[in-house]
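Visitor:
2 protein chains.
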Amino acid sequence: MVVKSAEEWRRISNSILQAAGAPGDLAAIVTDHLVDASLMGHDSHGLVRLILYTERIRNGMIVAGARPEIIRDTPVSAQVDAHWGFGQVAGHFGTELVVEKAMRNGLALVGVVGCNHLGCMGVYPALAAEKGVVLLALTGGLSKVMVPYGGKEGRLDTNPIAVGSPAAGHDPLLVDMATSEIATGKLHLAKKTGRMLPPGCLVDREGKPSVDPDDYYDGGALLPFGGHKGYALAVAVAVLAGPLLNAEGFAAPDGRHWGLFLLGIDSGLFRPSGEYRKAVDELFSRIKSSAPAEGFKEVLVPGEPAARTRETRLREGIPMAEEIWEAVRKTAEGAGVSLK
Amino acid sequence: MVVKSAEEWRRISNSILQAAGAPGDLAAIVTDHLVDASLMGHDSHGLVRLILYTERIRNGMIVAGARPEIIRDTPVSAQVDAHWGFGQVAGHFGTELVVEKAMRNGLALVGVVGCNHLGCMGVYPALAAEKGVVLLALTGGLSKVMVPYGGKEGRLDTNPIAVGSPAAGHDPLLVDMATSEIATGKLHLAKKTGRMLPPGCLVDREGKPSVDPDDYYDGGALLPFGGHKGYALAVAVAVLAGPLLNAEGFAAPDGRHWGLFLLGIDSGLFRPSGEYRKAVDELFSRIKSSAPAEGFKEVLVPGEPAARTRETRLREGIPMAEEIWEAVRKTAEGAGVSLK
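Chains as they are written, first to last, in the numbering used here: chain F, 1 to 340; chain R, 341 to 680.
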């Protein structure tokens, strides 16, 4: 395991992204996002993505210098064309915009289209919560990654749902989940380490239940979490982050299209924000007052695991597996950066 | 099985509710809702509720003549005090209000507080979809019904999520689901018929997995659907339908408080509504094009099962189990209505 401080990782990420062609200010946004994701423990959506993003800049999927543009604008809504730049640049632009509009008018909806991989979806609600705004962030669409309930062919992506809210003294609420039973990151990891997955995660190319990650890569697909309920949510996400935003109207030349649905609500819309935050703390305390079930030490609320990991990693550094570090080094060298 | 047409049920429901003290216009709203729920196949939230509601009018939980009042109002938001009248009256008032505001300003959020049982949550997005509005409806809070993930004591209610969207030629999108593995209606039914539940639905008073509905009534609790993910959604719903709306600030004298979060989005916000609806149809077609898995005849999208049941029941009538019909008759007699 290679362990480096958040600051060291920040320098590494910035130099790789800039060497790959990103302007300094955009490299900084992507870097902050990747470091944040890794600090929260979402390693599959953190610094490891430097490898993929550098490759995508080279093959033209990511336009490293593209800047988001507002193409429709009302006091409570905006449509943003990301012009196929970094997903994080688009996501942060959209989040700042929706936060500003929500603070001014009570609530707002921003739809970002033409965007690349958004990174760790939980980063956006976490940023909004810092500003006192409740945020619902949805992204996803159709692909071959996940089967519909009752189907055996992949038709949906992992269509994640992220929700955040400020609290008072407590860690903010933070929900960040794929609507598939497992995220693709876990699948890749299982494949890489040769481990089997728990039952209920995937089907093989014939649509039969499997625990072998190889079956996914051989034409299989992931399963929605929670059966027909997770499937229903995945379809709702596909509608809200797709047709509603007109994501397909801003497809890349190769046909790719992708949207990000960002709904912001001023936490002080119906009562003073400070009072609201205290009520959230109180609600969390009541949930956490349940005695733990067998095998658990305590009840956690959504957001606590990530907040604790962040605290530890800020203190002890962010770890990375040796072989991934080697790949990052190779990526850096390919871009002309030498990392010791 | 007793089978009656929607029109017959409507007459029965109206006469019972009016005899129990509801003004004619409010009885009609509740009646339409109950008939709609039963038409869609949500029997546990349909006409059977006449029994409970009549009882609750008698014991003062439902104030049969109360009318919702707008207590905060902006172009894109409103807070509505339902004054502990019928939940359906509050829900329909809120839905009409949010639809009107969304059509005028692109999107809107209405928070209803001080409301009773809302009936079938799917009815609200279905109504909004008819008007061309995408609706997200959330309700719920804390109770002893459901354990938090990792806990063994009930701390959450079943905190349902409902989402709807218009389509063009296709049945509208309609998601309507409890965040518990099963709704309490299914639990009551299993208890009544002496049947065991599938694994994963509940825990006994010690927090141990159980399939026996009696264990629930003996101090046990339901489990969230999909493990920690369903739990995370249940907590988010509790925050959005509770503290955000200041639901606890409008508690009944006995301490009960309850809120309904209604977010409406004009389906024509980012593109012409007709174009949007066609894109939804297209998305549904692509999902449905998956070959069915073993044991399934076809892939359905959320909303199709309810739409099909409605079609059948409009043609063939709405069935009710004999013993429930007997209880409805007794309820009617208690209120001074004689049903043959």
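Yeah, the Cβ is synthetic: ideal placement off N, Cα and C, and Gly gets one too.
Treat the numbers as computed from the prediction; the structure is a model and nothing was measured.
Across the segment 95-113 of chain F and the segment 243-262 of chain F, are there enough close Cβ pairs to call them in contact, namely three or more that are closer than 8 Å?
Guide: The segment 95-113 of chain F, when compared against the segment 243-262 of chain F, does touch it at the 8 Å Cβ threshold.
Visitor: Could you pull out every residue in the same chain whose Cβ sits closer than 6 Å to the Cβ of residue 337 of chain F, ignoring the five residues on either side in sequence?
Guide: Once the five neighbours on either side are set aside, the close Cβ partners of residue 337 of chain F are 15, 16, 19.
Visitor: Any contact between the segment 80-90 of chain F and the segment 226-235 of chain F? By contact I mean 3 or more CB pairs, one from each, below 8 Å.
Guide: No: fewer than three Cβ pairs fall under 8 Å.
Visitor: On the premise that residue 200 of chain F lies in contact with residue 223 of chain F, defined as a C-beta separation below 8 Å, what is that separation, rounded to the nearest angstrom?
Guide: About 6 Å; that satisfies the 8 Å criterion.
Visitor: For residue 95 of chain F, decide whether its Cβ has a neighbour in chain R, counting only Cβ atoms nearer than 8 Å.
Guide: Taking Cβ atoms only, chain R never reaches closer than 8 Å to residue 95 of chain F, which makes this a no.
Visitor: Cα separation between residue 237 of chain F and residue 140 of chain F?
Guide: Distance between the alpha carbons of residue 237 of chain F and residue 140 of chain F: 7 Å.
Visitor: Kindly list, in the order they appear in chain F, the residues whose Cβ is closer than 8 Å to that of residue 419 of chain R.
Guide: Within 8 Å Cβ-Cβ: 270.
Visitor: I want to verify the contact list: residues of chain F whose CB lies under 7 Å from the CB of residue 579 of chain R, in sequence order.
Guide: The answer, in chain order, is 165, 173, 280, 283.
Visitor: Between which two residues does the beta strand (DSSP E) holding residue 612 of chain R run?
Guide: No beta strand (DSSP E) holds residue 612 of chain R; DSSP gives it neither H nor E.
Visitor: At 4 residues or longer, what runs of the alpha helix (DSSP H) sit wholly inside the segment 511-566 of chain R?
Guide: Counting only runs of 4 or more, we get 524-533, 553-557.
Visitor: Return yes when the Cβ of residue 163 of chain F is within less than 8 Å of the Cβ of residue 156 of chain F, no when it is not.
Guide: Not closer than 8 Å, so no.
Visitor: Return the bridge partner residues of residue 681 of chain R from the DSSP annotation.
Guide: The question about residue 681 of chain R has no answer, for chain R in this structure spans 341 to 680.
Visitor: Looking at residue 146 of chain F and residue 221 of chain F, is the spacing between their C-beta atoms short of 8 Å?
Guide: Cβ atoms of residue 221 of chain F and residue 146 of chain F: closer than 8 Å.
Visitor: Taking 8 Å as the threshold (C-beta atoms), are residue 531 of chain R and residue 558 of chain R in contact?
Guide: Their beta carbons are not under 8 Å apart, which means residue 558 of chain R does not touch residue 531 of chain R by this criterion.
Visitor: In the DSSP assignment, find the unbroken alpha helix (DSSP H) run with residue 391 of chain R in it and report its ends.
Guide: Unbroken alpha helix (DSSP H) run through residue 391 of chain R: 389-398.
Visitor: Is the beta carbon of residue 506 of chain R sitting closer than 8 Å to the one on residue 519 of chain R?
Guide: No, they are not a contact pair.
Visitor: With respect to the beta strand (DSSP E) encompassing residue 109 of chain F, which residues constitute its N-terminal and C-terminal limits?
Guide: Taken as a continuous stretch (DSSP letters only), the beta strand (DSSP E) holding residue 109 of chain F covers 107-113.
Visitor: Chain R beta carbons: is any one of them nearer than 8 Å to that of residue 159 of chain F?
Guide: No, residue 159 of chain F does not count as interfacial toward chain R.
Visitor: Any chance you could list the alpha helix (DSSP H) runs of at least 4 consecutive residues sitting entirely within the segment 58-84 of chain F, in chain order?
Guide: Segments of the alpha helix (DSSP H) lying fully in the segment 58-84 of chain F: there are none.
Visitor: Return yes when the C-beta of residue 291 of chain F is under 7 Å from any heavy atom of the ligand GDP, and no when it is not.
Guide: Absence of the ligand GDP is noted for the structure shown, with no ligands found whatsoever.
Visitor: Could you list the residues in the segment 543-568 of chain R with a C-beta less than 7 Å from some C-beta on chain F, going in chain order?
Guide: Taking 7 Å as the Cβ-Cβ cut-off against chain F, the residues of the segment 543-568 of chain R that qualify are 547, 565, 566.
Visitor: Can you check the segment 21-46 of chain F for any alpha helix (DSSP H) of at least 4 residues that lies completely inside it and give the ranges in chain order?
Guide: For the segment 21-46 of chain F, whole alpha helix (DSSP H) runs of length 4 or above, ordered along the chain, are 24-39.
Visitor: Flag residue 59 of chain F as yes if its beta-carbon sits less than 8 Å from any beta-carbon of chain R, otherwise no.
Guide: No, its Cβ sits nowhere closer than 8 Å to a Cβ of chain R.
Visitor: Would you mind giving the Cβ-Cβ distance between residue 428 of chain R and residue 370 of chain R, rounded to the nearest angstrom? I have them listed as a contact below 8 Å.
Guide: Rounded, the Cβ-Cβ distance is 5 Å, consistent with contact.
Visitor: Pull up the CB-CB distance for residue 411 of chain R and residue 361 of chain R, whole angstroms please, since I reckon it's below 8 Å.
Guide: The pair is not a contact, with the Cβ atoms about 25 Å apart (cut-off 8 Å).
Visitor: Please check if any C-beta of chain R sits within less than 8 Å of the C-beta of residue 332 of chain F.
Guide: Judged by the 8 Å Cβ criterion, residue 332 of chain F is not in contact with chain R.
Visitor: In chain F, what lies closer than 7 Å to residue 469 of chain R by C-beta?
Guide: Residues of chain F passing the Cβ test: none, with the nearest at roughly 11 Å.
Visitor: Quick check: residue 341 of chain R and residue 650 of chain R, are their CB atoms within less than 8 Å of each other?
Guide: Not in contact: residue 341 of chain R and residue 650 of chain R (Cβ atoms no closer than 8 Å).
Visitor: Find the residues of chain R that neighbour residue 294 of chain F, judging by a C-beta separation of less than 8 Å, and give them in chain order.
Guide: Residues of chain R passing the Cβ test: 492, 547, 548.
Visitor: How would you call residue 25 of chain F, buried or exposed, if buried means at least 16 neighbouring beta carbons within 10 angstroms?
Guide: With fewer than 16 other Cβ atoms within 10 Å, it is exposed.
Visitor: From residue 551 of chain R to residue 508 of chain R, what does the alpha carbon distance come to, in whole angstroms?
Guide: Spanning the two alpha carbons is a distance of roughly 42 Å.
Visitor: Anything in chain F within Cβ reach of residue 412 of chain R, meaning under 7 Å, just list it in chain order.
Guide: Residues of chain F passing the Cβ test: 270.
Visitor: Using a Cβ-Cβ distance under 8 Å, would residue 40 of chain F count as near chain R?
Guide: By this cut-off, residue 40 of chain F is not an interface position.
Visitor: Among R/594, R/633, R/621, which one has its Cα closest to the Cα of residue 644 of chain R?
Guide: Among R/594, R/633, R/621, the Cα nearest to that of residue 644 of chain R belongs to R/621.
Visitor: By how many angstroms is the C-alpha of residue 462 of chain R removed from the C-alpha of residue 297 of chain F?
Guide: Taking the straight line from one Cα to the other gives about 37 Å.
Visitor: Assuming residue 678 of chain R is part of the alpha helix (DSSP H), what are its boundary residues?
Guide: Note, residue 678 of chain R: premise wrong, no alpha helix (DSSP H); not H, not E.
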